[in-house]
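Q:
2 protein chains.
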Amino acid sequence: MRSKDIGHHISAQFNAELEEIRSKVLTMGGLVEQQTLDAVRALVEGDSELGETAILNDYKVNALEVTIDEECSQILARRQPTAGDLRLVVAIIKTITDLERIGDEAEKIGHLAVHLAGMEGNKQHFNAINALGEHVHTMIHDALDAFARLDVEQALAVAKMDSKVDEQYNGITRQLITYMMEDPRSITRSLDVMWAARALERIGDHATNICEYVIYLVRGKDVRHTSIEQMEEAARKH
Amino acid sequence: MRSKDIGHHISAQFNAELEEIRSKVLTMGGLVEQQTLDAVRALVEGDSELGETAILNDYKVNALEVTIDEECSQILARRQPTAGDLRLVVAIIKTITDLERIGDEAEKIGHLAVHLAGMEGNKQHFNAINALGEHVHTMIHDALDAFARLDVEQALAVAKMDSKVDEQYNGITRQLITYMMEDPRSITRSLDVMWAARALERIGDHATNICEYVIYLVRGKDVRHTSIEQMEEAARKH
Chain A
1 MRSKDIGHHI SAQFNAELEE IRSKVLTMGG LVEQQTLDAV RALVEGDSEL GETAILNDYK
61 VNALEVTIDE ECSQILARRQ PTAGDLRLVV AIIKTITDLE RIGDEAEKIG HLAVHLAGME
121 GNKQHFNAIN ALGEHVHTMI HDALDAFARL DVEQALAVAK MDSKVDEQYN GITRQLITYM
181 MEDPRSITRS LDVMWAARAL ERIGDHATNI CEYVIYLVRG KDVRHTSIEQ MEEAARKH
Chain B
239 MRSKDIGHHI SAQFNAELEE IRSKVLTMGG LVEQQTLDAV RALVEGDSEL GETAILNDYK
299 VNALEVTIDE ECSQILARRQ PTAGDLRLVV AIIKTITDLE RIGDEAEKIG HLAVHLAGME
359 GNKQHFNAIN ALGEHVHTMI HDALDAFARL DVEQALAVAK MDSKVDEQYN GITRQLITYM
419 MEDPRSITRS LDVMWAARAL ERIGDHATNI CEYVIYLVRG KDVRHTSIEQ MEEAARKH
C-alpha cells in the first residue's frame with residue numbers, strides 16, 4: 001500500500017506520520033484484544049479483580065480513539081492525501097470506531113464478570129463462553145494482523161469465521177433458555193451469561209467490519225453489506 | 239458553519255456538493271427514523287407485515303451509507319477541505335456509521351416483531367416498550383434536527399435524554415426478569431421483548447453519538463467519553 005505506485009508523497013515526513021498513526025491503531029487494537037481476553041477469563045474463572053481491570057482499561061482505549069481521530073483530521077487538513085493514502089486515513093477513522101466499540105463490549109463483559117463472581121450458581125455454560133471468547137479473540141487478533149500487513153486473504157478468512165461465532169452464540173442462547181425454564185431461580189444468573197455471549201457476538205461483528213475496511217483499503221472496493229462470495233470476488237480482483 | 243468565517247471555498251460548486259451530501263445524510267436519517275417507528279409499532283400492534291417492512295427497508299439505509307461514504311472520499315480527494323468543511327466531512331463519515339447501526343437495530347426489532355406476532359402471550363410490557371420507542375424516536379428526530387441546523391443547544395438536550403432511556407430500559411428489564419421467574423413458560427416471549435428494549439437502548443446511544451459529532455462540528459471540540467457537564471462547557475464555549 002505504501003508503495004510508490006499508489007501514494008505520491010511529497011515527503012518522508014508524511015510517510016513517517018502515516019506510519020505513526022498506523023502503529024497507534026495497532027496499539028489500540030492490542031489493548032482491546034487484551035481487554036477482551038481479561039474480561040472472558042475474569043468471567044470464566046470468577047475473578048472479579050481481573051474483571052475490574054478489564055473495566056478500568058477502557059479509558060485508555062477511549063483516549064487513544066480521540067488522539068488518533070485528531071491526528072487523522074490533522075493529516076487530512078495538512079497533507080491532503082489522495083488515492084491509497086486517503087483510503088488509509090478513512091479506513092483508520094472507521095477502524096478505531098469499531099475498536100472502541102470492542103472495548104465497550106469487553107467492559108460490559110467485565111461488569112458481568114464482577115456481578116457473576118458475587119453470585120452462587122453453577123458454571124455449566126462457562127466452557128461454551130470460553131470457547132466463544134477464544135474464537136472471537138482470534139478474530140480480533142487476525143483482523144489486526146490483516147490490517148497491519150494489508151493482507152486481503154487473511155481479512156477474508158476472518159470475515160468467514162463470523163458465521164461460526166453466530167452459530168456458537170445461538171447454541172449458547174438456546175441452552176440458556178432451556179436451563180432457565182427448568183430452573184427459574186437461575187434466570188438472573190443465566191441472563192448475565194447470555195449478555196456476555198451477546199457482547200462476544202458483537203465483538204465478532206466489529207472484527208468483521210475491520211476486515212471489510214482492509215479489503216476497501218487494498219482493493220478500493222466497498223464490500224460492506226455484501227455476501228461472503230462478493231467479498232471474495234472483490235478481494236481476489238487484481 | 240457554512241459562513242465565510244469558517245470555510246474558505248474556492249467555488250460555489252463545492253458548496254453545492256457539501257449541501258447535497260448533507261441532504262443525503264438527512265434522507266438517510268429520515269429512513270432510519272421511519273424504520274424505528276415502523277418496527278416498534280409492528281411489535282406493539284403484533285403487525286408482522288409492518289415488521290417485514292422495517293426489515294426490508296434496511297437495504298435502502300445500507301445503500302445510502304455506501305453512497306455517502308464514497309462521496310465523502312471524493313470530496314476529500316478532489317476538494318481537500320480544511321477547517322470547518324473538513325470537520326463537516328469527518329462528522330458525516332461518523333454520523334452515517336451510527337445511522338446505519340440504528341437501521342440494524344430497527345431491523346432486529348422488526349424480526350422480533352414478526353416472531354412475537356406468531357406467539358401466544360400477553361402484552362403487558364408493550365406499553366413500556368412503546369414509551370421507550372417514542373422516547374428514542376424523539377432522540378433520533380431531534381439529533382437529526384440538531385445536525386441539520388448545527389444547533390449545539392439541541393444536541394446537548396438530546397444527549398441529556400439518554401439517561402432517561404437507560405432508566406426506562408433498566409425498568410423494563412427488571413420487570414421482565416420478575417415476570418419470567420413467576421411464569422417460566424413466558425421466558426422465550428419475554429426474552430424477545432427484552433432484546434427489543436435492548437435494541438432501543440442502543441438506538442439512544444447512537445443518537446447521542448450523533449449529537450457529540452454536532453458539538454465537535456460546531457465547536458471543534460471532541461466531547462466523546464466526557465461527562466454531560468463537560469459537554470455543556472464545550473457546547474457553550476464561544
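In order, the protein sequence lines correspond to chains A and B.
The numbering used here numbers the first residue of the first sequence as 1 and each following residue consecutively.
The numbering used here numbers the first residue of the second sequence as 239 and each following residue consecutively.
A virtual CB, placed ideally from N, CA and C, is assigned to each residue, including glycine.
Measure the beta-carbon distance from R414 of chain B to M432 of chain B and round it to whole angstroms, keeping in mind my assumption that it falls under 8 angstroms.
A: Locating residue 414 of chain B in the second sequence gives position 176, counting from the first residue. Locating residue 432 of chain B in the second sequence gives position 194, counting from the first residue. This sequence places Leu at residue 414 of chain B; Arg is not what is there. Contact flag correct, Cβ pair sits at about 5 angstroms.
Q: Hey, is H463 of chain B's beta-carbon within less than 7 angstroms of any beta-carbon in chain A?
A: Locating residue 463 of chain B in the second sequence gives position 225, where the first residue counts as 1. Taking Cβ atoms only, chain A reaches closer than 7 angstroms to H463 of chain B, which makes this a yes.
Q: Closer than 8 angstroms by C-beta to I92 of chain A: which residues in its own chain qualify, once you throw out the five before and the five after it? Chain order, please.
A: In the first sequence, residue 92 of chain A corresponds to position 92, counting from 1. Excluding positions up to five away in sequence, the list reads I21, R22, V25, I68, C72.
Q: Quick one: what does DSSP say D183 of chain A is sitting in, helix, strand or coil?
A: As a position in the first sequence, residue 183 of chain A is number 183, starting the count at 1. In this structure, D183 of chain A counts as coil in the three-state DSSP scheme.
Q: Thinking C-alpha only, which one of B:I441, B:E308, B:A321 is nearest T376 of chain B?
A: Here residue 376 of chain B corresponds to residue number 138 of the second sequence, with the count starting at 1. Per the Cα distances, B:I441.
Q: In this structure, how does DSSP classify N170 of chain A when only helix, strand and coil are distinguished?
A: Working through the first sequence from its first residue, we reach residue 170 of chain A at position 170. N170 of chain A falls in the helix class under three-state DSSP.
Q: What are the boundary residues of the alpha helix (DSSP H) that includes S286 of chain B?
A: Residue mapping note: residue 286 of chain B aligns to position 48 of the second sequence, counting from 1. Looking at the DSSP string, the run of the alpha helix (DSSP H) that includes S286 of chain B is 286-294.
Q: Within this structure, are the beta carbons of A301 of chain B and G348 of chain B separated by less than 7 angstroms?
A: Along the second sequence, one-based indexing puts residue 301 of chain B at 63. Along the second sequence, one-based indexing puts residue 348 of chain B at 110. Result no, Cβ atoms of A301 of chain B and G348 of chain B do not sit closer than 7 angstroms.
Q: Taking the alpha-carbon positions, what's the L455 of chain B to M469 of chain B distance?
A: Locating residue 455 of chain B in the second sequence gives position 217, where the first residue counts as 1. Locating residue 469 of chain B in the second sequence gives position 231, where the first residue counts as 1. If you take the alpha carbons of L455 of chain B and M469 of chain B, they lie about 13 angstroms apart.
Q: Once you ignore the five residues that flank D166 of chain A on each side, which residues in its own chain have a CB closer than 7 angstroms to its CB?
A: Sequence index remark: in the first sequence, residue 166 of chain A carries index 166 (1-based). The answer, listed in chain order, is E201.
Q: With a cut-off of 8 angstroms on the beta carbons, I'd call G289 of chain B and A351 of chain B a contact; round off their distance for me.
A: One-based indexing of the second sequence puts residue 289 of chain B at position 51. One-based indexing of the second sequence puts residue 351 of chain B at position 113. Going by Cβ atoms, the distance from G289 of chain B to A351 of chain B rounds to 4 angstroms, so yes, they are a contact pair.
Q: Counting only C-beta atoms, is I228 of chain A closer than 7 angstroms to chain B at any point?
A: In the first sequence, the residue the question calls residue 228 of chain A occupies position 228. Not closer than 7 angstroms to any Cβ of chain B, the Cβ of I228 of chain A fails to qualify, so no.
Q: Grab the span of the alpha helix (DSSP H) containing D222 of chain A for me, first residue to last.
A: Start at 1 with the first residue of the first sequence, and residue 222 of chain A comes out as number 222. Here D222 of chain A belongs to no alpha helix (DSSP H), and DSSP marks it neither H nor E.
Q: Can you give the beta carbon distance from R101 of chain A to H206 of chain A, rounded, assuming they're within the 8 angstroms contact cut?
A: Position 101 of the first sequence, counted from the first residue, corresponds to residue 101 of chain A. Position 206 of the first sequence, counted from the first residue, corresponds to residue 206 of chain A. Right, their Cβ atoms sit about 5 angstroms apart.
Q: What span of residues does the alpha helix (DSSP H) with T265 of chain B cover, start to end?
A: For this step, residue 265 of chain B is matched to residue 27 along the second sequence. Unbroken alpha helix (DSSP H) run through T265 of chain B: 250-283.
Q: Whose Cβ in chain B lies nearer than 9 angstroms to the Cβ of A77 of chain A?
A: Residue 77 of chain A sits at position 77 when you count from the first residue of the first sequence. Per Cβ cutoff of 9 angstroms: Q318, P319, T320, A321, L324.
Q: Note down, in chain order, every chain A residue with its Cβ under 8 angstroms from the Cβ of S311 of chain B.
A: Along the second sequence, read from residue 1 onward, the residue named residue 311 of chain B stands at position 73. Result: L86, R87, V90.
Q: Verify the CB distance criterion: does D276 of chain B have a CB-CB separation below 7 angstroms to chain A?
A: Here residue 276 of chain B refers to the residue found at position 38 when the second sequence is read from its first residue. For D276 of chain B, the answer is no, since every Cβ of chain A falls outside 7 angstroms of its Cβ.
Q: Can at least three beta-carbon pairs, one atom from the region 114-128 of chain A and one from the region 32-46 of chain A, be found at a separation below 8 angstroms?
A: The region 114-128 of chain A, when compared against the region 32-46 of chain A, does touch it at the 8 angstroms Cβ threshold.
Q: How many Å lie between D183 of chain A and N209 of chain A at the Cα?
A: If you number the first sequence from 1, residue 183 of chain A lands on position 183. If you number the first sequence from 1, residue 209 of chain A lands on position 209. About 38 angstroms.
Q: Would you identify the three-state DSSP class for L132 of chain A, choosing helix, strand or coil?
A: Within the first sequence, numbered from 1, the residue matching residue 132 of chain A stands at position 132. Note: L132 of chain A maps to helix in three-state DSSP.
Q: From what residue to what residue does the alpha helix (DSSP H) around Q230 of chain A run?
A: Working through the first sequence from its first residue, we reach residue 230 of chain A at position 230. Counting along the chain, the alpha helix (DSSP H) containing Q230 of chain A begins and ends at 228-236.
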